[in-house]
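Converting from the sequence shown to our numbering requires adding 6 to each position, the first position being numbered 1. Down below is the structure, laid out as structure tokens.
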Amino acid sequence: MSRSDAWRRTAQARGAAVTFTVDGEPVHARAGETVATAMLATGTTFERDRTGAPRAPLCNMGTCFECVATVDDRPLTRTCLTPAREGLTIETSGRL
Ligand code: FES
């Protein structure tokens, strides 16, 4: 098996395509990916801190809270722990 064969199998194992919205804009992902991953891949900005500086995922394992957003009306949801699924509504306009 060549190295490229291994990568091809991984790509085929990706989940179904899903679409959710971030601040009203559609973001495309694959089922099984996290919301944070999809947002990073598309260059979407995250919530801002009290000074207005943008935040971004740091740990990607649920400990730093740098990735929080409002997910389906639930504020301060860690997007790195939230699986992407069809129809989610993400709002990043809140301030911590
Ligand atoms: S990136 Fe650290 S809690 Fe989500």
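For every residue, glycine included, the Cβ atom is placed at its ideal position computed from N, Cα and C. Fair warning: this is a prediction, and the values are worked out from it, not measured in the lab.
Could you check what DSSP says for Leu87 in three-state terms: helix, strand or coil? On the sequence shown, residue 87 is found 81 positions in, with the first residue counted as 1. DSSP places Leu87 in helix when its eight states are reduced to three.
Just to check, is the beta-carbon of Ala47 closer than 7 angstroms to a non-hydrogen atom of the ligand FES? Indexing the sequence shown from 1 puts residue 47 at position 41. Outside the cutoff, so no.
Considering only their Cβ atoms, is the gap separating Phe52 from Ala62 smaller than 8 angstroms? Working through the sequence shown from its first residue, we reach residue 62 at position 56. Working through the sequence shown from its first residue, we reach residue 52 at position 46. Cβ atoms of Ala62 and Phe52: closer than 8 angstroms.
Taking Ser99 as the reference, give the member of Val28, Ala22, Gly21 and Gly93 with the closest Cα. The residue labelled residue 99 in the question sits at position 93 within the sequence shown. For Ser99, the nearest C-alpha among the options comes from Val28.
Could you compute how far the alpha carbon of Glu72 sits from the alpha carbon of Thr95? Translated into the one-based positions of the sequence shown, residue 72 becomes position 66. Translated into the one-based positions of the sequence shown, residue 95 becomes position 89. Whole-angstrom Cα-Cα distance: 19 angstroms.
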